[in-house]
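Participant: Take any residue in the sequence shown, count from 1 to its spot, add 199: that is its number in the numbering used here.
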Amino acid sequence: MTGLVEDAWINGQATSHDVSELEDCAIAIDATYYLQLFLDTPPFHEPLLPALGGMTGIEHHLRADIDQWKAHKIVPFFIFDGQSVTGQEEVAVQRGRTANQKTDEAWKLYFNSHAQEAVDAFGANSGAFRIQNLYPLLKSILKDNDLHFLVPPYNASAQLAYFDMIDSDQCAAVMGSQELILYPIKDTLIRTIDWEAKTVTSLSKKNLVRSLNISEGMLSDALLMTGTSFLPPFPPLLDTSLNPRQPFTINDA
Numbered sequence: 200m201t202g203l204v205e206d207a208w209i210n211g212q213a214t215s216h217d218v219s220e221l222e223d224c225a226i227a228i229d230a231t232y233y234l235q236l237f238l239d240t241p242p243f244h245e246p247l248l249p250a251l252g253g254m255t256g257i258e259h260h261l262r263a264d265i266d267q268w269k270a271h272k273i274v275p276f277f278i279f280d281g282q283s284v285t286g287q288e289e290v291a292v293q294r295g296r297t298a299n300q301k302t303d304e305a306w307k308l309y310f311n312s313h314a315q316e317a318v319d320a321f322g323a324n325s326g327a328f329r330i331q332n333l334y335p336l337l338k339s340i341l342k343d344n345d346l347h348f349l350v351p352p353y354n355a356s357a358q359l360a361y362f363d364m365i366d367s368d369q370c371a372a373v374m375g376s377q378e379l380i381l382y383p384i385k386d387t388l389i390r391t392i393d394w395e396a397k398t399v400t401s402l403s404k405k406n407l408v409r410s411l412n413i414s415e416g417m418l419s420d421a422l423l424m425t426g427t428s429f430l431p432p433f434p435p436l437l438d439t440s441l442n443p444r445q446p447f448t449i450n451d452a
């Protein structure tokens, strides 16, 4: 995954709950989503990561976050991506090239003595850093904390959806990207956990269908049109003459 591909309108439909509702539960987590969210979200956001090409203070932050799971009596069960699905590598390369161009622009700002502007430009472009490079670090931290993780032979979202569909006793809920909506999950997926505010945000697939007044099949089609980790957006959505509202959302699809 080269940066999160997320629909703003869908994210706006998330609801909040008290984190205590997850006490004594195991949560299956898309490791790629977790790491990207970690890099993109304050206070752990590290703007110079694309410039440095490696770890800065992220190990300390990851260990502190894992400690929070333990402190709140919730077990994180991380699922790492296995084989890429068809189209995923091509889309990653395309988005990576775009991200690298933005990194070049940030370096130009730096070399022209615009230090703060350069830092801001690097920070807005975490997609230039290949998130899978952090897999070994996260796995090492999980082993140090005696936490189980899984590397399926396929996409992590598919494994999470499978756990949800069969009511697996390995987890009480799943946490991952919007791509989980493409699968026949029962309803809810966790999006974020704020330890300081002690809140959890989640999305309900049924609520999305109801709000958009469409079928589940149409929801999946529209989400595919907006772009995923394995599929670029439907070109007309990017055409400002056809769709002047940019960035587009699932409503435009």
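Glycine included, every Cβ here is placed at the ideal spot set by N, Cα and C.
Looking at serine 367: is its Cβ nearer than 9 Å to the Cβ of alanine 227?
Facilitator: yes
Participant: Consult DSSP for leucine 349 and reduce its assignment to one of helix, strand or coil.
Facilitator: Leucine 349: strand per DSSP, three-state reduction.
Participant: Evaluate phenylalanine 426 with the Cβ neighbour count: other Cβ atoms within 10 Å of its Cβ, from every protein chain shown; 16 or more gives buried, anything less gives exposed.
Facilitator: The sequence given here places glycine at residue 426; phenylalanine does not occur at that position. Flag for glycine 426 reads buried.
Participant: So what does arginine 399 bridge to, in DSSP terms?
Facilitator: Note on identity: in this sequence residue 399 is valine, with arginine being the wrong assignment. According to DSSP, valine 399 bridges with His216, Ile392.
Participant: Quick one, which of Asp393, Gln445, Lys405 has its alpha-carbon nearest valine 218's?
Facilitator: Asp393
Participant: Is the CB-CB distance between isoleucine 186 and leucine 234 below 9 Å?
Facilitator: Because the chain spans 200 through 452 in this model, residue 186 falls outside it and cannot be assessed.
Participant: Contact between the segment 404-412 and the segment 261-280 is defined here as three or more beta-carbon pairs at a separation below 8 Å; is this criterion met?
Facilitator: With a cut-off of 8 Å, the segment 261-280 and the segment 404-412 do not count as touching, because too few Cβ pairs lie within range.
Participant: Mind checking who cysteine 224 pairs with in its DSSP beta bridge?
Facilitator: Ile273
Participant: Output needed for aspartate 206: all residues of its chain with C-beta closer than 8 Å, excluding positions within five of it in sequence on either side, in chain order.
Facilitator: Closer than 8 Å at the Cβ level, and outside the excluded window around aspartate 206, lie Gln377, Leu422, Thr425, Thr448, Ile449.
Participant: Among residues of its own chain, excluding the 5 on either side of isoleucine 384, which ones have a beta-carbon nearer than 7 Å to its beta-carbon?
Facilitator: Result list for isoleucine 384: Ala360, Asp363, Met364, Lys404, in chain order.
Participant: Assuming isoleucine 265 contacts asparagine 344 (C-beta within less than 8 Å), just tell me the rounded distance between them.
Facilitator: About 6 Å separates the beta carbons of isoleucine 265 and asparagine 344, which is inside the 8 Å limit, making them a contact pair.
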